[in-house]
């Protein structure tokens with residue numbers, strides 16, 4: 001995955017959220033804070049979640065906005081948020097959220113690259129258990 005997609009400031013490893021809405025908001029805020037998206041994108045991420053769950057299995061969710069929110073994306077980017085205590089995601093326990101902002105169909109290759117990483121049990125475990133930003137950067141920017 002391209003190194004410029006993940007700003008180290010968007011890697012947060014010790015977050016807490018009472019529910020999935022708060023977790024998605026935290027992802028959205030991380031993308032706003034690194035200048036990847038405009039504020040309305042956060043609401044689009046919540047709207048996407050209401051239409052279809054972004055839970056992908058193995059304790060991971062990949063929140064992203066709706067197609068209508070593409071004008072709120074300033075540049076393609078990821079955020080990586082770890083919730084060590086877990087977040088209830090409609091009955092599933094999520095400990096990692098990888099938020100995505102991608103313009104013009106760019107989310108499809110990003111999702112494919114993430115799926116490849118997450119299907120590798122060792123890499124997925126490293127990400128779920130990461131305690132240092134460098135570990136996440138290494139796994140997600142190869």
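In UniProt numbering, the protein residues as written are 1 to 142. The beta carbon of each residue, even a glycine, is placed where N, CA and C say it ideally should be.
Residue i to residue j, Cα distance in whole Å?
i	j	result
residue 51	residue 44	11 Å
residue 55	residue 94	8 Å
residue 124	residue 116	10 Å
residue 141	residue 91	31 Å
residue 110	residue 64	11 Å
residue 68	residue 104	11 Å
residue 75	residue 49	21 Å
residue 106	residue 15	27 Å
residue 12	residue 66	24 Å
residue 100	residue 62	7 Å
residue 37	residue 119	28 Å
residue 23	residue 17	5 Å
residue 89	residue 46	13 Å
residue 40	residue 84	27 Å
residue 3	residue 80	14 Å
residue 122	residue 53	25 Å
residue 7	residue 57	24 Å
residue 131	residue 112	25 Å
If you measure between the beta carbons of residue i and residue j, is that distance less than 8 Å?
i	j	result
residue 5	residue 78	yes
residue 73	residue 102	yes
Mind checking residue i: buried by the 16 CB within 10 Å criterion, or exposed?
i	result
residue 139	buried
residue 32	buried
residue 129	exposed
residue 71	exposed
residue 28	buried
residue 134	exposed
Would you mind giving the Cβ-Cβ distance between residue i and residue j, rounded to the nearest angstrom? I have them listed as a contact below 8 Å.
i	j	result
residue 114	residue 98	6 Å
residue 10	residue 42	Wrong, their Cβ atoms sit about 14 Å apart, outside the cutoff.
residue 96	residue 82	6 Å
residue 20	residue 87	6 Å
Inset, instruction - Could you pull out every unbroken alpha helix (DSSP H) segment of at least 4 residues lying fully inside the UniProt domain "PTS EIIA type-2" (4–142), listed in chain order? - result: With a minimum length of 4 residues, the continuous alpha helix (DSSP H) runs that stay inside the UniProt domain "PTS EIIA type-2" (4–142) are 20–33, 40–51, 107–119, 121–129, 133–140.
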